[in-house]
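Novice: If you scroll down you'll find the structure; I have some questions about it.
Rendered as structure tokens:
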């Protein structure tokens, strides 16, 4: 199970978190405890309705928890949001059509009042990181879905946040593009030294990417299991053929099924 | 990985003459239709012996326009000023009210049904009333009608534009700890802009109609609506038709001017070509 939280050191620390939605009186999340250490790549996986996206939004202070505490970089979540401590990537790339690719990436920098020259330098650096040099003057609708997602990742990393929150970012892409972006994401993660919380419903993706996979169950959303993914980095296409990779995929799948059995027994 | 631009190629930057040439080619079918219609019109009047008060010959209308061009254009300009003023007032108010109602949703929910219901009022019937309010001979009474006509499409479209922002866009901005004003400036307003321009273009034509119809219920002798109605009553149908042509020309020019403004404001956005 999860490592004992090391107070003041964890990037994200969640204690006794419960979220109840007023409408319909739905318990979205119940008694969530989770500590995420610097440099970790955490996947949240579970059936739809298990609250994994809600949990991600609570970490980002986009949704308020009903009870419990969430600290990010040792600060309460609202404080961390105000301090721009995290970058977020949604399932949809959420790029603004009226801005060029470069202007989309520089949006968070503009909000912080960075000067033009400094903005340009950082944008160039970010576009290089996601291998989109030379596309700065294009508009988002001129790019493919995979390229748009890379722009969204560049924008999320522009302020060099300690924490990168990703909500099923590759869910809408085809399998080939998804596998390629998985590989690239690991490269970016390694280069940026940030901590990643990654919501997905793909077991293969969760195992391939993460240092730990948090398996959730639905109604109410709870953490069913946390599985260490002890595959060596850097992970390559041969990782996907490693017998241990298959073992871990099986373990995550079983944990998911156990979680849904639990669901069936629960009132 | 080699990244290549896909899906939509950027606008090619060919030689200006080539671009103008292609533009002309795009317009060619429309020009042919216009010429055909005029020719059929002209010939069928002779063939079917159509009476002059039903429809004069296009050549007769054109000749009349040329003879009375200074009178007609002065009248057109006068009416256009009324339309422009009314358009500016109506569109300005439409956008302003939409901003207020989109910002304070509860107020919006209370008022919007009435605002939309009010658009069902036959505004034209108000023309005599605005004449009574602002006097029939000045421009103000016609501006009022044009303004009311422009108000509704602009108001409705602006509200739709301001509220059609995707929730994820708002979440993204909130993740940057953006305030209301930042969200408005960087997301809501740019999202609404294409909607607003659509309504502004509709407004150009409506405002010309509003001004001319208003003039039918009394107005300055230099106004186009008054000119058209008085020429009809004195059986000077050629000049009445020429007046209608001038009204169309001003309306189209107004529309194209706003469309050009739109192209400048929305450059970079997909599919602004129409």
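Residue numbers (my numbering), protein chains in the order written: chain A, 13 to 279; chain B, 2 to 275.
Every residue, glycine too, gets a C-beta built ideally from N, C-alpha and C.
(1) In whole angstroms, give me the CA-to-CA distance for residue 267 of chain A and residue 229 of chain A.
(2) Would you decide whether residue 160 of chain A is buried or exposed? Buried here means 16 or more other CB atoms lie within 10 Å of its CB.
(3) Name the chain B residues whose beta carbon is nearer than 8 Å to that of residue 100 of chain A?
(4) Which residues of chain B have a Cβ atom closer than 9 Å to the Cβ of residue 252 of chain A, listed in chain order?
(5) Hey, residue 264 of chain A and residue 71 of chain A: beta-carbon distance below 9 Å or not?
(6) For residue 181 of chain A, tell me which candidate among A/211, A/95 and A/110 has the shortest Cα-Cα distance.
(7) Determine the burial state of residue 279 of chain A: buried for a count of at least 16 other Cβ atoms within 10 Å of its Cβ, exposed for fewer.
(8) In or out: residue 188 of chain A buried (at least 16 other Cβ within 10 Å) or exposed?
(9) Mapping DSSP to helix, strand and coil, what is residue 173 of chain B?
(10) Pull up the distance between the alpha-carbon of residue 103 of chain A and that of residue 213 of chain A, whole angstroms please.
(11) If you follow the alpha helix (DSSP H) that residue 58 of chain B is part of, which residue opens it and which one closes it?
(12) Examine the Cβ distances between the segment 97–117 of chain A and the segment 147–160 of chain A and report whether three or more of them are shorter than 8 Å.
(13) So which residues of chain A does residue 50 of chain B contact, with C-beta pairs closer than 8 Å?
(14) To which residues of the same chain is residue 167 of chain A closer than 7 Å at the C-beta, ignoring the five residues directly before and after it?
(15) Going by beta carbon distance, what residues of the same chain come within less than 8 Å of residue 310 of chain A, once the five residues before and after it are set aside?
(16) Could you check if residue 177 of chain B is buried or exposed, using at least 16 other CB atoms within 10 Å of its CB as the buried criterion?
(17) What residue does the alpha helix (DSSP H) around residue 47 of chain A start on, and which one ends it?
(18) Skipping 5 residues on each side, what residues in its chain have a beta carbon closer than 7 Å to that of residue 62 of chain B?
(19) Curious, which full-length beta strand (DSSP E) runs of at least 3 residues does the segment 168–194 of chain A contain?
(20) Select from the segment 71–85 of chain A all residues with a C-beta closer than 9 Å to any C-beta belonging to chain B, and list them in chain order.
(21) Once you ignore the five residues that flank residue 236 of chain A on each side, which residues in its own chain have a CB closer than 8 Å to its CB?
(22) Which residue wins for smallest C-alpha separation from residue 41 of chain B, given the options B/82, B/26 and B/57?
(23) To the nearest angstrom, report how far apart residue 207 of chain B and residue 77 of chain B are at their CA atoms.
(24) Can you list the residues of chain C that residue 179 of chain B reaches, using a CB-CB cut of under 9 Å?
(25) Please list the partners that residue 120 of chain A has in chain B, where partner means a Cβ-to-Cβ separation under 7 Å.
(26) Could you tell me whether the Cβ of residue 188 of chain B comes closer than 9 Å to any Cβ of chain A?
(27) Should residue 226 of chain B and residue 149 of chain B be called a contact, given that it needs their Cβ atoms to be closer than 9 Å?
(28) For residue 237 of chain B, go through chain A and note every residue whose CB falls closer than 9 Å to its CB, in chain order.
(29) Going along chain A in order, which residues have a C-beta closer than 7 Å to the C-beta of residue 165 of chain B?
(30) Going by C-alpha to C-alpha distance, which of B/235, B/70 and B/114 sits closest to residue 54 of chain B?
(31) Does any CB atom of chain A fall closer than 9 Å to the CB of residue 39 of chain B?
(32) Tell me the DSSP bridge mates of residue 229 of chain A?
(33) Quick one: measure Cβ to Cβ for residue 345 of chain A and residue 141 of chain A, integer angstroms, because I've assumed they're closer than 8 Å.
(34) Roughly how far, in whole angstroms, is the beta-carbon of residue 86 of chain B from the beta-carbon of residue 140 of chain B, given that I think they are within contact range, below 8 Å?
(35) Judging by CA-CA distance, which residue of B/110, B/60, B/224 and B/107 is the nearest neighbour of residue 144 of chain B?
(36) Excluding the five sequence neighbours on either side, which residues of its own chain have a C-beta within less than 6 Å of the C-beta of residue 81 of chain B, listed in chain order?
Specialist: Concretely, from the data shown:
(1) 9 Å
(2) buried
(3) 172, 173 and 176
(4) Ordered by position in chain B, no residue passes the 9 Å Cβ test against residue 252 of chain A, which lies about 18 Å from the chain.
(5) no
(6) A/211
(7) Because the pLDDT of residue 279 of chain A is 40, which lies under 50, any placement of that residue in the model is unreliable, and the number read from its coordinates should be weighed accordingly. Burial call: exposed.
(8) exposed
(9) helix
(10) 12 Å
(11) Here residue 58 of chain B belongs to no alpha helix (DSSP H), and DSSP marks it neither H nor E.
(12) yes
(13) Per Cβ cutoff of 8 Å: no residues; residue 50 of chain B is ~57 Å from chain A at best.
(14) 116, 117, 119 and 120
(15) This structure gives no information on residue 310 of chain A, because the portion of chain A shown stretches from 13 to 279.
(16) buried
(17) Run containing residue 47 of chain A: none in the alpha helix (DSSP H); it sits in the beta strand (DSSP E), 38–48.
(18) 239, 242, 243 and 246
(19) 175–179
(20) 72, 73 and 74
(21) 58, 227, 228, 229, 267, 268, 270, 271 and 274
(22) B/57
(23) 15 Å
(24) Considering every chain present, this structure includes no chain C. Its protein chains are A and B.
(25) 177
(26) yes
(27) no
(28) The premise fails here: residue 237 of chain B is roughly 51 Å from chain A at the closest Cβ pair, so nothing lies under 9 Å.
(29) None at all; the shortest Cβ gap to chain A is about 13 Å.
(30) B/235
(31) no
(32) A/234
(33) The requested residue 345 of chain A is not part of the displayed model; chain A covers only 13 to 279.
(34) 6 Å
(35) B/224
(36) 251
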